[in-house]
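Peer 1: Everything in the sequence shown is counted per this note's numbering, starting at 1286 for the first residue and increasing by one.
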Amino acid sequence: GINATIFSGLRVYVTGYTDPPLPVIKELLGRRGGHFVQYFSVRNVTHIVASNIPYAKFKQFKKSGMDTVRIVSPQWLVDSDKANRLLPW
């Protein structure tokens, strides 16, 4: 069966251009139990979704104590959805 909560516990911040676009990512997260976060905070985010991150932004994330936050591609969300489970990142 379909696991409707594969993204349960994920609090996701999206940065930059993504494919699929942001509205599709939001819908996917909501349908599968995840939560979209509008503003980045290391306390409120478990995953950053980005197609690419400029080095300056990466340094900014690292400086904010981002060791607990995972950076994943939009495709990781899509592939996890298709696989009906969280895939390795």
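Every residue gets a Cβ at the ideal spot worked out from N, C-alpha and C, and that includes glycine.
Computed from a prediction, not measured in an experiment: that's the story for all the values here.
Rounded to whole angstroms, what's the CA-CA distance from ILE1287 to GLY1315? Just pull it up for me.
Peer 2: Here residue 1287 is taken as the residue at index 2 of the sequence shown, counted from 1. Here residue 1315 is taken as the residue at index 30 of the sequence shown, counted from 1. Approximately 14 angstroms between the Cα atoms of the pair.
Peer 1: Leaving out the 5 sequence neighbours to the left and right, which residues in its chain are closer than 6 angstroms to LEU1295 when beta-carbon positions are compared?
Peer 2: One-based indexing of the sequence shown puts residue 1295 at position 10. Taken in chain order, the residues that qualify are GLY1319, THR1331, HIS1332.
Peer 1: For PHE1325, tell me which candidate among VAL1363, PRO1305, THR1300, THR1353 has the shortest Cα-Cα distance.
Peer 2: In the sequence shown, counting from the first residue as 1, residue 1325 sits at position 40. Out of VAL1363, PRO1305, THR1300, THR1353, THR1300 has the C-alpha closest to the C-alpha of PHE1325.
Peer 1: Please return the same chain residues whose Cβ sits closer than 6 angstroms to the Cβ of LEU1307, not counting the five positions on each side in sequence.
Peer 2: Locating residue 1307 in the sequence shown gives position 22, where the first residue counts as 1. So the list reads VAL1299, once near-sequence residues are dropped.
Peer 1: Of all the alpha helix (DSSP H) runs that stay within the bounds of the stretch 1316–1369, which reach a length of 4 or more residues?
Peer 2: With a minimum length of 4 residues, the continuous alpha helix (DSSP H) runs that stay inside the stretch 1316–1369 are 1340–1348, 1359–1368.
Peer 1: If you drop the 5 nearest sequence neighbours on each side, which residues of the same chain put their C-beta closer than 7 angstroms to that of SER1365?
Peer 2: One-based indexing of the sequence shown puts residue 1365 at position 80. Correct list, in chain order: ILE1291, LEU1371, LEU1372.
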